[in-house]
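Residues in the sequence shown are numbered from 1 upward in steps of one, following the numbering used here.
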Amino acid sequence: MSIEEPVWQDLAGRLDRAQQAAEPIAQLTASADLDAPAAYRVQADLVARRTGRGERLAGLKLGLTSQAKMAQMGVHEVIWGRLTDAMQIPDGGTVELAGYVHPRVEPELAFLLTGQDGPAGSPVRAVAPALELIDSRYRDFRFTLPDVIADNTSAAGFVVGQWQPVPAGLANLGVLLEVDGRVVQTGSTAAILGDPLRALRQGLRLAAGAGVRPVDGWVFLAGAATAAVPLAPGAHVRAVVEGLGTASLGAAA
Ligand code: OOG
Ligand code: MG
1 MSIEEPVWQD LAGRLDRAQQ AAEPIAQLTA SADLDAPAAY RVQADLVARR TGRGERLAGL
61 KLGLTSQAKM AQMGVHEVIW GRLTDAMQIP DGGTVELAGY VHPRVEPELA FLLTGQDGPA
121 GSPVRAVAPA LELIDSRYRD FRFTLPDVIA DNTSAAGFVV GQWQPVPAGL ANLGVLLEVD
181 GRVVQTGSTA AILGDPLRAL RQGLRLAAGA GVRPVDGWVF LAGAATAAVP LAPGAHVRAV
241 VEGLGTASLG AAA
């Protein structure tokens, strides 16, 4: 399907305003004919609006890489999105919930990219435990595949824990999501496409297909290892990845 510029601009504008006002909107597919390639065009324009306001691209993310997430959202395809510097939250930082529609958090692994994605060199400098804050701009956090792609895969914020050298075995580390010290989700890095490094390769391939090349210092989020949970006022949330440590954030009361 081809999409005309006035159409993708209109759709990106709706999502952009929804994000800025923290007010949900109807799914784009309720009123527009949108397939996945057209939705990626909308996403590119949506993120270009942010960079046009001074944000810098800071990385890439994959979504729906685990069965837990696919089952939770009812969408069964791997998707990719773009991260900007404005989305980064310091480890242990606090967010104001008023800036989001209905934020959720999920435990992830982050990779620090080298800017290389060919066989010549490793694409990865380091790995860290991470938390992603997702916030669908759609009412009731419900969407189809093209809707969530256009909405930059619900990207809203991310926290990266301590960077460290990539250990030999990343494919089966235990992952916990804690809220106020209580474990609310458990999983394994194996849930991330069988191995987060496979997710990384797939993500770089998908982005390259759209002409997006990794940049040295970019962050890559490999996708959640468990279902996401709502971020409630006053909550303190922590992702714990076996052998790698933690990443945490708090929500203002
Ligand atoms: C879409 C984004 C999914 C992940 O890690 O699976 C995602 C959503 O669930 O709203 O970021
Ligand atoms: Mg995620």
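Even glycine gets a Cβ: it sits at the ideal position worked out from N, Cα and C.
How many Å lie between residue i and residue j at the Cα?
{"i": "threonine 186", "j": "valine 42", "result": "34 Å"}
{"i": "proline 257", "j": "lysine 69", "result": "Missing from the structure shown is residue 257; the chain here goes from 1 to 253 and no further."}
{"i": "leucine 109", "j": "leucine 221", "result": "6 Å"}
{"i": "serine 188", "j": "isoleucine 25", "result": "34 Å"}
{"i": "arginine 238", "j": "glutamine 27", "result": "31 Å"}
{"i": "proline 214", "j": "phenylalanine 143", "result": "28 Å"}
{"i": "asparagine 152", "j": "valine 219", "result": "16 Å"}
{"i": "leucine 131", "j": "proline 37", "result": "28 Å"}
{"i": "glycine 203", "j": "serine 122", "result": "15 Å"}
{"i": "aspartate 117", "j": "glycine 54", "result": "27 Å"}
{"i": "glycine 243", "j": "leucine 176", "result": "12 Å"}
{"i": "histidine 76", "j": "lysine 61", "result": "16 Å"}
{"i": "proline 167", "j": "leucine 11", "result": "42 Å"}
{"i": "leucine 112", "j": "alanine 253", "result": "32 Å"}
{"i": "glutamate 4", "j": "aspartate 33", "result": "11 Å"}
{"i": "valine 159", "j": "valine 241", "result": "14 Å"}
Return the Cβ separation of residue i and residue j in integer angstroms, given the expectation that the two are a contact with Cβ distance under 8 Å.
{"i": "valine 95", "j": "leucine 249", "result": "6 Å"}
{"i": "leucine 193", "j": "alanine 199", "result": "4 Å"}
{"i": "alanine 225", "j": "serine 66", "result": "6 Å"}
{"i": "alanine 22", "j": "valine 105", "result": "Alanine 22 to valine 105, Cβ: 17 Å. No contact."}
{"i": "alanine 128", "j": "glycine 92", "result": "Not a contact, Cβ separation roughly 14 Å."}
{"i": "aspartate 216", "j": "glycine 115", "result": "4 Å"}
{"i": "isoleucine 89", "j": "glycine 181", "result": "Not really, about 20 Å apart at Cβ, beyond 8 Å."}
{"i": "tyrosine 40", "j": "alanine 210", "result": "6 Å"}
Let me check one thing: in DSSP terms, what residues is residue i bridge-paired to?
{"i": "leucine 131", "result": "Pro107, Val159"}
{"i": "glutamate 178", "result": "Val183, Arg238"}
{"i": "arginine 82", "result": "Leu60"}
{"i": "phenylalanine 113", "result": "The amino acid occupying residue 113 in the given sequence is leucine; phenylalanine does not appear at that position. Paired residues: Val124."}
{"i": "alanine 21", "result": "Note: alanine 21 sits in no beta bridge, so no partner."}
{"i": "serine 188", "result": "Gly174"}
{"i": "serine 248", "result": "Arg238"}
{"i": "leucine 204", "result": "None; leucine 204 has no bridge partner."}
Given that a residue counts as buried once 16 or more other Cβ atoms are within 10 Å of its Cβ, and exposed if not, what is residue i?
{"i": "alanine 208", "result": "exposed"}
{"i": "glutamine 19", "result": "buried"}
{"i": "valine 183", "result": "exposed"}
{"i": "alanine 30", "result": "exposed"}
{"i": "serine 136", "result": "buried"}
{"i": "alanine 247", "result": "buried"}
{"i": "arginine 50", "result": "buried"}
{"i": "proline 196", "result": "buried"}
{"i": "arginine 14", "result": "buried"}
{"i": "proline 6", "result": "exposed"}
{"i": "proline 233", "result": "exposed"}
Does the ligand ATP have even one heavy atom less than 7 Å from the beta-carbon of residue i?
{"i": "isoleucine 3", "result": "With respect to small molecules bound, the structure shown includes the ligand OOG and the ligand MG and not the ligand ATP."}
| message | Does the contact criterion of 3 or more C-beta pairs under 8 Å hold for the segment 78-87 versus the segment 150-168? | response | yes
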